[in-house]
Amino acid sequence: MDAHALARRICVLGALRGAQRVLLHAGDEYALLSGVCDALAADGTFPAAWIGLASAGSAALATVAVGGADALELLADERVQGDSVDAPGRDTRREGGALRGGDALPDSLLARWRAASGGDGAVAAFPLKIGERTIGCLSLVAADASALDGPERGLLDEFAVDVGYSLGRLRDGPRAMTGQPSVDRTVVDDPLTGLPNRAAMRRRITGAISSATNSRGLAILSVHVGHFDEISDTLGRDAGDRLMSEVAVRVAAVARSGQDALARIGEDELVVLLQDADTTHASDVARRVIEALYRPVDVSGMQVDARGTVGIALYPDHGDDAEELMRRAKVAMYRAGADGYYALYSGLHDDERRRRLALVDDLRRAIDADELLLYCQPKVDLRTGRCCGAEALMRWKHARHGMISPTVFVELAETTGLITPLTQWVLEAAFRARQRWHEARFDQPLAVNVSARDLHDPRLVDRVRALMSAWGIREGWMQFELTESALMIEPATVIDTLRRLRNLGIELMVDDYGTGYSSLRYLQQMPVSSIKIDQSFVRMMVDDAESGAIVHSTVELCHALHLRAVAEGVEEVAVYDALAGIGCDAVQGYYVGRPLPVADFPQWAKTSRWAPAHASVPTS
Ligand code: C2E
Ligand code: CA
Ligand code: CA
1 MDAHALARRI
11 CVLGALRGAQ
21 RVLLHAGDEY
31 ALLSGVCDAL
41 AADGTFPAAW
51 IGLASAGSAA
61 LATVAVGGAD
71 ALELLADERV
81 QGDSVDAPGR
91 DTRREGGALR
101 GGDALPDSLL
111 ARWRAASGGD
121 GAVAAFPLKI
131 GERTIGCLSL
141 VAADASALDG
151 PERGLLDEFA
161 VDVGYSLGRL
171 RDGPRAMTGQ
181 PSVDRTVVDD
191 PLTGLPNRAA
201 MRRRITGAIS
211 SATNSRGLAI
221 LSVHVGHFDE
231 ISDTLGRDAG
241 DRLMSEVAVR
251 VAAVARSGQD
261 ALARIGEDEL
271 VVLLQDADTT
281 HASDVARRVI
291 EALYRPVDVS
301 GMQVDARGTV
311 GIALYPDHGD
321 DAEELMRRAK
331 VAMYRAGADG
341 YYALYSGLHD
351 DERRRRLALV
361 DDLRRAIDAD
371 ELLLYCQPKV
381 DLRTGRCCGA
391 EALMRWKHAR
401 HGMISPTVFV
411 ELAETTGLIT
421 PLTQWVLEAA
431 FRARQRWHEA
441 RFDQPLAVNV
451 SARDLHDPRL
461 VDRVRALMSA
471 WGIREGWMQF
481 ELTESALMIE
491 PATVIDTLRR
501 LRNLGIELMV
511 DDYGTGYSSL
521 RYLQQMPVSS
531 IKIDQSFVRM
541 MVDDAESGAI
551 VHSTVELCHA
561 LHLRAVAEGV
571 EEVAVYDALA
581 GIGCDAVQGY
591 YVGRPLPVAD
601 FPQWAKTSRW
611 APAHASVPTS
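Residues in the sequence shown are numbered consecutively from 1, following my numbering.
Here it is, written out as structure tokens:
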């Protein structure tokens, strides 16, 4: 198999692995269908995935789940045009009472997708069956048409069979609805309890918020059923299901009056929406729910203890959107701790947030006061066994908290807008350090990590140009590491920025490869010179065959694209040797050397076992 075919196979297998996990864990039909579409569309191999189901008495399919932004746009457009949203349904029409899976998206839709994405791509529909009955179809758009051909096609066919099987399993639960549920019920209801599911509850809460008046609030109660896992594990899934059915009946008896609503939003979690509620009323209902669950439940002749825990969040005090309120009610539920208690969400749960805010303040000061440190870690060329550059890594020595990991404060900076000054600090420090290396007759490239935000900052290129002339930086002296996922956000804009950086003489590399999206189509257009294979695969490559295969195929992929392959996280000689054996170009990791202050690097490099042959001769 050539490197491209292998890469394609890895992408398809990756998408399917995620989707397969959904099949195993989804607790209701909605979670299953939407989870499958989301998982299939998650990494860009299939930019759009959607599922249409037949509704009783109609030949058309109704789209019940959609994954991928492209799909949303496409299907939304289709709706605007007055067609039904079951775009591929026209190719999966009933034929003699059965649905047939077709291969083509209606031409108009496929043409529009191709125009919008600038690619060729292809589409295929896979019939979904429960037993012999075809109940709908799964449609996929592939960026690379061959992902829908040959052996990949076979994998997808098999997967569609699994989806049908899993749907059948869910529908045949102990309280299976009689007959074929209408599409609406399928999407809205939890098949076991017949209650609305999370999506339906989200809509209910959103509706209630929009009609709530200033004087009247809402309460959201998160009810968690204790011992659900234990009971399911020891007595079987059916027993767990019976327990949940009974719990739902009891909670409904307490909570459901008039406009109040109840939903099952997780395997062992119910949510109650109380209209016109304040703290007193909500606490009162919570107490009654707990009382109602106190009585043992009869499951297969055994008396099991259901025990509920309840968390309460109030609108408008604790949030103003449905998801936030459900989440906070759940936080409160965890706060309630032991079974048989309830708790009201309180700002105190935001301790964490407050700590983060204080840290942001400190970070802002640290940048201004130049309290950050620049370290760097060596990279070694596998063919020569010599040092071939270093990666610059930030360190923050906090006066009270000690050393804080960049994984904590970089993310913090990214979410609070501090990343721009932070990156400016790093660039200054790194460019200055690189000039000092040159003065010390040590000329090796130094790589700086640039975050996704920076890449979309329109002033980045100008700043870099200014720094280069300020420090007399020459072509090839500096490199930028950009994470794979950062590159795939608006790739067309990114490609333009990267070209301008490269024209300034900055060498570019893809970081953390394998953890994000992998659109090969875009990767091929990026002016990058190397790819760093993520440590999660590298560290396990000797012990875990799958990781080994991923590393190996990524090295081949790099070479097919004329890129250098760099492996990071090399901690042991066995991994180092294995990488040398498969033709990887360079490595970085504790085995070679730990990060050290950037000023100490030339001395370390010249005296280490990886000493460059001519440490003072500039490398290309
Ligand atoms: P990264 O870019 O993937 O950097 C590699 C990280 O792996 C570094 O962690 C490094 O110390 C660590 N590492 C290197 N070799 C080994 C090894 O053999 N085993 C293990 N277990 N770890 C190894 P560090 O310095 O904590 O940095 C973490 C992340 O923080 C970096 O991941 C990068 O994403 C971010 N970061 C660090 N400095 C900067 C910066 O200046 N700017 C930006 N935007 N991000 C930075
Ligand atoms: Ca990096
Ligand atoms: Ca990395």
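Glycine included, every Cβ here is placed at the ideal spot set by N, Cα and C.
- Cβ atoms of residue 140 and residue 29 stay farther apart than 8 Å, at about 20 Å.
- Taking 8 Å as the upper bound for CB-CB distance, residue 553 and residue 205 are not in contact here, some 46 Å apart.
- Distance from the C-beta of residue 484 to the nearest heavy atom of ligand 2 is not below 6 Å.
- Within 10 angstroms of the beta-carbon of residue 300 lie fewer than 16 other beta-carbons, which makes it exposed.
- The way I'd put it, the segment 437-446 does touch the segment 595-615; three or more beta-carbon pairs between them come closer than 8 Å.
- Checking the 6 Å criterion, the Cβ of residue 507 is out of range of every heavy atom belonging to ligand 2.
- Assigned with DSSP and collapsed to three states, residue 477 falls in coil, not helix or strand.
- Annotation for residue 47: 68, 70, 141, 143 place their beta carbon closer than 6 Å to its own, counting only its chain and skipping 5 residues before and after.
- A check of alpha carbon separations from residue 244 across 123, 534, 271, 317 identifies 271 as the nearest.
- Relative to the non-hydrogen atoms of ligand 3, the Cβ of residue 568 comes within a distance shorter than 6 Å of at least one.
- At a cut-off of 6 Å, the beta-carbon of residue 393 counts as near ligand 1: some heavy atom of the ligand is closer than that.
- By the C-beta density criterion, residue 524 is exposed, having fewer than 16 other C-beta atoms within 10 angstroms.
- The DSSP-derived three-state label of residue 580 is helix.
- The segment 494-512 makes contact with the segment 459-469, as at least three CB pairs between them are under 8 Å.
- Going by beta carbons, residue 598 and residue 376 fall inside the 7 Å limit.
- Each residue's CA atom was taken as its position, placing residue 370 and residue 470 some 19 Å apart.
- The alpha-carbon separation between residue 157 and residue 26 amounts to approximately 20 Å.
- Sequence-distant Cβ neighbours of residue 432 in its own chain, meaning closer than 7 Å and more than five residues away, are 471.
- Taking the CA atoms as reference points, residue 428 sits about 43 Å from residue 346.
- Listed in chain order, the beta strand (DSSP E) elements of length 3 or more contained wholly in the segment 348-409 are 372-381, 386-398, 402-404.
- Take the alpha-carbon of residue 240 and the one of residue 574: they are about 47 Å apart.
- With fewer than 16 other CB atoms across the displayed protein chains lying within 10 angstroms of its CB, residue 280 is exposed.
- Relative to the non-hydrogen atoms of ligand 1, the Cβ of residue 389 never comes closer than 6 Å to any of them.
- Cβ contact annotation for residue 591 (same chain, cutoff 8 Å, sequence separation greater than five): 570, 571, 572, 573, 575, 576, in chain order.
- Going by DSSP, residue 161 is part of the alpha helix (DSSP H) stretching over 150-171.
- DSSP lists 66, 139 as the bridge partner or partners of residue 50.
- Between residue 478 and residue 39, the alpha-carbon positions lie close to 37 Å from each other.
- Contact annotation: residue 378 and residue 390 have beta-carbon atoms nearer than 7 Å.
- For residue 446, the enclosing beta strand (DSSP E) starts and ends at 446-450.
- Straight-line measurement puts the Cα of residue 261 at about 22 Å from the Cα of residue 226.
- With fewer than 16 other beta carbons inside 10 angstroms of its own, residue 594 counts as exposed.
- Contact annotation: the segment 530-540 touches the segment 504-513, with at least three C-beta pairs closer than 8 Å.
- Secondary structure note for residue 419: its alpha helix (DSSP H) is the uninterrupted segment 419-439.
- Following the DSSP letters along the chain, one finds residue 308 inside the beta strand (DSSP E) bounded by residues 308-315.
- Going by DSSP, residue 552 is part of the alpha helix (DSSP H) stretching over 545-560.
- Inclusion of residue 124 and residue 145 in the CB contact set at 7 Å is not warranted, their separation being larger than that value.
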